[in-house]
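These protein sequence lines map, in sequence, to chains A and B.
For what it's worth, the numbering used here labels the leading residue of the first sequence as 216, then goes sequentially.
For what it's worth, the numbering used here labels the leading residue of the second sequence as 43, then goes sequentially.
Idealized CB from N, CA, C, for every residue including glycine.
Report on the structure given below.
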Amino acid sequence: MRLAPFRILLGLFCLLVAVWLVMPTLVIIPMSFNEKKSLAFPPSGFSWQWYENFFTNPDWLTSFFNSLRVAGLVAVAATLIGTLAALGLSRMKHSGAGLLRAILITPMIVPGVVLAIGIYAVYLDYHLVGTTTGFVIAHTMLAIPFVIIAVSASLEVFDVRLETAAASLGADRFTAFRTVTLPLIAPGILSGLLFAFVTSFDEIIVALFITSPYLKTLPVQIFTSITRDADPTVTAVGTIIFIATTLVISAGLIISSKSTRS
Amino acid sequence: MAASNSKERGAAIDIKAATKRYGNFTALDDVSLHIEPGEFMTLLGPSGSGKTTTLNVVAGFTDLTSGDLAVGGKSIVALPAHKRNIGVVFQHYALFPHMTVGKNVAYPLTLRGMDKQARDRHVARALDMVKMADFAHRYPAELSGGQQQRVALARAIVFDPPLLLMDEPLGALDKKLREWLQLEIKRIHRELGTTFVYVTHDQEEALVLSDRIAVFNQGRIEQVGTGRQLYDEPATLFVAKFIGESTSLRGDAQTSGGETSLTIAGQKVVAGGKLAGGQKPVVLLRPEKLSLARTNTPAAAGQNSLTGQVSEAIYLGSGSKYQVTLGDGSVAIVRATLEATPFSIGDAVDLRWSVVDAKLLADDDRADMTMT
Chain A
216 MRLAPFRILL GLFCLLVAVW LVMPTLVIIP MSFNEKKSLA FPPSGFSWQW YENFFTNPDW
276 LTSFFNSLRV AGLVAVAATL IGTLAALGLS RMKHSGAGLL RAILITPMIV PGVVLAIGIY
336 AVYLDYHLVG TTTGFVIAHT MLAIPFVIIA VSASLEVFDV RLETAAASLG ADRFTAFRTV
396 TLPLIAPGIL SGLLFAFVTS FDEIIVALFI TSPYLKTLPV QIFTSITRDA DPTVTAVGTI
456 IFIATTLVIS AGLIISSKST RS
Chain B
43 MAASNSKERG AAIDIKAATK RYGNFTALDD VSLHIEPGEF MTLLGPSGSG KTTTLNVVAG
103 FTDLTSGDLA VGGKSIVALP AHKRNIGVVF QHYALFPHMT VGKNVAYPLT LRGMDKQARD
163 RHVARALDMV KMADFAHRYP AELSGGQQQR VALARAIVFD PPLLLMDEPL GALDKKLREW
223 LQLEIKRIHR ELGTTFVYVT HDQEEALVLS DRIAVFNQGR IEQVGTGRQL YDEPATLFVA
283 KFIGESTSLR GDAQTSGGET SLTIAGQKVV AGGKLAGGQK PVVLLRPEKL SLARTNTPAA
343 AGQNSLTGQV SEAIYLGSGS KYQVTLGDGS VAIVRATLEA TPFSIGDAVD LRWSVVDAKL
403 LADDDRADMT MT
């Protein structure tokens, strides 16, 4: 029984940390139903007007679809390149593999601002600022490390000897990959794809540098909107994104837990 | 998969002067081996002796540095593994975890473009042969090790390969299951008529299964022969010590008139014939060829006798086993029948054997080094 006071303290501390972590997310949900045009907390009254604004205001809708388009393209490109890179790295016997892996991972480690400056400088010369191509190239670079890490993790537990067995049964290398390797590392590829999509979808630093009035992504729109005129639509957007990502991540977790039957 | 009248389904294998080097290490050193169609050939040896390398070379997983390899009279050195049409069973089963048992076994047939009806028929027959017909819809993870290996065997024979390679397929299983599966493999070999090449380091397993055994040591073949030939007429000390139990006696050698004799701790024994010049002789004796007698009883004509002391006596039911420490400190292993006079630990005895039962071999320190 001597432990009781300590246990209560520990419980309170854990609760505090939990609240601290979740609070910013949970604050935006009530705020999105605010009646007044203000970001004050706690909100007053109840209305759907900020959701309405999001779905009717072309500024918001256009930026939302811009983000979807860019993130979709990035997810495909980064997954393709990242998966191939992870496969290559896993088969490399040379000691340079570690160094190569480190180089491929750097976009994740280098501060975003530093990358953004470099990208901006190059893009000015090649007229890529404010273009979909520009966004996709920059975000794909940022997303590749996530795919490499996710796919490498599933290659780590993949038994290469299964490919040898497939060869003995008559499968050439490509067939062996398609029928044995690919299905077994699919969960890793899928989670890499999700990570790549999310990385691009909520990227703000590089986006702020290479954006233009003609091509704004959703995070840029949120940022400019909140700095210009405290528009509570951002909280509605935040809530929508929060719910959407929660659903996607849950789906991903369910898929991966189903595929790890063995 | 036709079970009847199938003795011609196996292919002959010819390995000719096969050499494989990895940098400075020679994994296979000028190995030549002919395997008859339908034969059950076991490659036996300690780890690193080259037996698995040989198997991988035949399967196409490893390239030769030099030499040739023919199956059914045609060289297959240039063919990649997936074009060789050779069944392989691995120690680690290597079943595809994302496919059911049925899909696993159907895999090689699907690759060969067989239609679904014929495929189902072949899969059912292969699973039937390994007694796994009821498990077609299970996933490999739901099976025991022995069951997985039987599925792997079905998958390796379902496409009617003329040659089946097995790489220590029972190595990961416990003894009881292993003994039962050995008999299953023997039965399947008989029913299929396919040439089997089987790799193991377990000499008992090799004796149970094989028509002939090739004993590997340090990248070379020491001897090829039936189990009986290897046991009764070992060509080298390594083979003698690797197959079955034995006692080796060393001493000062004298040769006169084509006959070698050894002096061991002051006692002289006749060792038999004569070795080629310069080789140090060892007398090799199998436990059942040795007998024990009370000291100072007369030995029969043509018998050798050495004094020693019983250092271990084990009752085995079907007989007894003794260890006898000799004058020079070496230990002899003796298997006695139930009728023989029993001895106890500490008894002074005479170790006896007929000169004709002894095998004179050249001494070889590699033989002891590798016996771990």
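Using CA coordinates, which residue listed in B:Pro79, B:Asp274, B:Gly293 is at the minimum distance from B:Gly235?
Position 193 of the second sequence, counted from the start, is the residue given in the question as residue 235 of chain B. B:Gly235 has its Cα closest to that of B:Pro79, out of B:Pro79, B:Asp274, B:Gly293.
Write down the C-beta distance between A:Met246 and A:Thr450 rounded to the nearest angstrom, noting that I regard them as a contact closer than 8 Å.
Mapped onto the first sequence, residue 246 of chain A falls at position 31. Mapped onto the first sequence, residue 450 of chain A falls at position 235. Sure, about 4 Å apart at Cβ, within 8 Å.
By DSSP, does A:Ser383 sit in helix, in strand, or in coil?
Working through the first sequence from its first residue, we reach residue 383 of chain A at position 168. Reduced to three states, the DSSP call for A:Ser383 is helix.
Whole runs of the alpha helix (DSSP H) within the region 250 to 326 of chain A, excluding any shorter than 4 residues
264 to 271, 273 to 306, 311 to 324
Go ahead and pull the three-state DSSP assignment for B:Glu247.
One-based indexing of the second sequence puts residue 247 of chain B at position 205. Looking at B:Glu247 - three-state DSSP - the assignment turns out to be helix.
Mapping the DSSP letters down to three states, classify A:Ser369 as helix, strand or coil.
Mapped onto the first sequence, residue 369 of chain A falls at position 154. The answer is helix: DSSP assigns A:Ser369 an H, G or I state.
Element boundaries [alpha helix (DSSP H), containing A:Ser440]
For the purposes of this step, residue 440 of chain A is taken as residue 225 along the first sequence, with counting starting at 1. Its alpha helix (DSSP H) spans residues 433 to 444.
Hey, does B:Arg192 have any beta-carbon neighbour from chain A nearer than 8 Å?
Here residue 192 of chain B refers to the residue found at position 150 when the second sequence is read from its first residue. With 8 Å as the cut-off, B:Arg192 does not count as an interface residue toward chain A.
Can the beta-carbon of A:Met323 be found closer than 8 Å to that of A:Pro360?
Walking along the first sequence from the start, residue 323 of chain A turns up at place 108. Walking along the first sequence from the start, residue 360 of chain A turns up at place 145. Result yes, Cβ atoms of A:Met323 and A:Pro360 sit closer than 8 Å.
So, using beta-carbon positions, are B:Thr61 and B:Gly109 closer together than 8 Å?
The sequence position of residue 61 of chain B within the second sequence is 19, counting from 1. The sequence position of residue 109 of chain B within the second sequence is 67, counting from 1. Cβ atoms of B:Thr61 and B:Gly109: closer than 8 Å.
Classify B:Pro122: buried if its beta carbon has 16 or more other beta carbons within 10 angstroms, exposed otherwise.
What you label residue 122 of chain B is simply residue 80 of the second sequence in a count that begins at 1. By the 10 Å Cβ count, B:Pro122 comes out exposed.
List, in chain order, every chain A residue whose beta-carbon is nearer than 9 Å to that of B:Phe103.
One-based indexing of the second sequence puts residue 103 of chain B at position 61. Result: Thr379, Ala382, Ser383.
Minimum Cβ-Cβ distance from A:Pro360 to chain B less than 8 Å:
Indexing the first sequence from 1 puts residue 360 of chain A at position 145. Not an interface residue.
If contacts are defined as beta-carbon pairs under 8 Å, then B:Leu97 and B:Ala256 qualify, I think. What distance do you get, rounded to the angstrom?
As a first step, residue 97 of chain B is located in the second sequence; it is residue number 55 there, counting from the start. As a first step, residue 256 of chain B is located in the second sequence; it is residue number 214 there, counting from the start. Not confirmed; about 11 Å, so no contact.
Counting Cβ pairs closer than 8 Å, one from the region 144 to 156 of chain B and one from the region 379 to 386 of chain A, do we hit at least three?
yes
Quick check: is the beta carbon of A:Thr298 nearer than 8 Å to any beta carbon in chain B?
Position 83 of the first sequence, counted from the start, is the residue given in the question as residue 298 of chain A. It does not; no Cβ of chain B falls within 8 Å.
Please confirm whether B:Ala128 has its beta-carbon closer than 8 Å to some beta-carbon of chain A.
The sequence position of residue 128 of chain B within the second sequence is 86, counting from 1. Here the sequence assigns Ile to residue 128 of chain B, which means Ala is not the residue at that position. Yes, B:Ile128 lies at the interface with chain A (some Cβ there is under 8 Å from its Cβ).
According to DSSP, is A:Phe416 part of a helix, a strand, or is it coil?
Taking the first residue of the first sequence as 1, we reach residue 416 of chain A at position 201. Reduced to three states, the DSSP call for A:Phe416 is helix.
Is B:Glu209 buried or exposed, if buried means 16 or more other CB atoms sit within 10 Å of its CB?
Along the second sequence, read from residue 1 onward, the residue named residue 209 of chain B stands at position 167. It should be noted that the sequence gives Asp, not Glu, for residue 209 of chain B. So B:Asp209 counts as buried.
Mind checking which residues open and close the beta strand (DSSP E) that includes B:Pro323?
As a first step, residue 323 of chain B must be located in the second sequence, where it is residue number 281. Segment 323 to 327, the beta strand (DSSP E) holding B:Pro323.
Is B:Phe132 helix, strand or coil by DSSP?
Counted from its first residue, the second sequence places residue 132 of chain B at position 90. Correct three-state label for B:Phe132: coil.
Mark A:Pro434 as exposed unless 16 or more other C-beta atoms lie within 10 angstroms of its C-beta, in which case mark it buried.
The count along the first sequence starts at 1 and reaches residue 434 of chain A at position 219. Classification for A:Pro434: buried.
How big is the Cα-Cα spacing for B:Gln309 and B:Pro88?
Taking the second sequence and counting its residues from 1, the one referred to as residue 309 of chain B is at position 267. Taking the second sequence and counting its residues from 1, the one referred to as residue 88 of chain B is at position 46. Each residue's alpha carbon lies about 35 Å from the other.
Taking B:Gly314 as part of the beta strand (DSSP E), name the residues at either end of that continuous run.
Taking the first residue of the second sequence as 1, we reach residue 314 of chain B at position 272. Its beta strand (DSSP E) spans residues 309 to 314.
If distances are taken between C-alpha atoms only, which option among A:Glu418, A:Ala391, A:Gly407 comes closest to A:Asp374?
As a first step, residue 374 of chain A is located in the first sequence; it is residue number 159 there, counting from the start. Checked all of A:Glu418, A:Ala391, A:Gly407; the closest Cα to A:Asp374 is A:Ala391.
B:Gly269 to B:Val391, Cα distance in whole Å?
By 1-based counting over the second sequence, the position of residue 269 of chain B is 227. By 1-based counting over the second sequence, the position of residue 391 of chain B is 349. Those two C-alpha atoms are separated by around 32 Å.
Buried versus exposed, by CB contacts within 10 Å (16 or more), A:Val328
Numbered from its first residue, the first sequence carries residue 328 of chain A at position 113. Exposed, by the Cβ-count rule.
Identify each residue in the region 106 to 129 of chain B for which the Cβ-Cβ distance to at least one residue of chain A is less than 9 Å, and report them in chain order.
Pro122, Ala123, His124, Lys125, Arg126, Asn127, Ile128, Gly129
Would A:Arg306 count as contacting chain B if we go by Cβ distances under 8 Å?
Within the first sequence, residue 306 of chain A is the residue found at index 91, counting from 1. For A:Arg306, the answer is no, since every Cβ of chain B falls outside 8 Å of its Cβ.
Is A:Ala382 closer than 8 Å to B:His140 when the C-beta atoms are compared?
Looking up residue 140 of chain B in the second sequence gives position 98. Looking up residue 382 of chain A in the first sequence gives position 167. Contact flag unset, no.
Counting contacts by CB-CB distance shorter than 8 Å, is A:Val366 in contact with chain C?
The chain labelled as chain C is not found among the protein chains of the depicted structure, namely A and B.
Beta carbon proximity, B:Leu153 to chain A, threshold 8 Å:
Start at 1 with the first residue of the second sequence, and residue 153 of chain B comes out as number 111. At least one chain A Cβ lies under 8 Å of B:Leu153.
If we cut at 8 Å on Cβ distances, does A:Pro398 have a partner in chain B?
Here residue 398 of chain A corresponds to residue number 183 of the first sequence, with the count starting at 1. So yes, A:Pro398 belongs to the interface.
Closer than 8 Å to chain A by CB, B:His134
As a position in the second sequence, residue 134 of chain B is number 92, starting the count at 1. Yes - at least one Cβ of chain A is within 8 Å of the one on B:His134.
Check the Cβ of A:Thr390 against every Cβ in chain B and list those closer than 9 Å, keeping chain order.
Stepping through the first sequence from its first residue, residue 390 of chain A is reached at position 175. Under the 9 Å cutoff, chain B gives His124, Leu153.
Status (buried if at least 16 other CB within 10 Å, exposed otherwise) for A:Lys251
Walking along the first sequence from the start, residue 251 of chain A turns up at place 36. Burial call: exposed.
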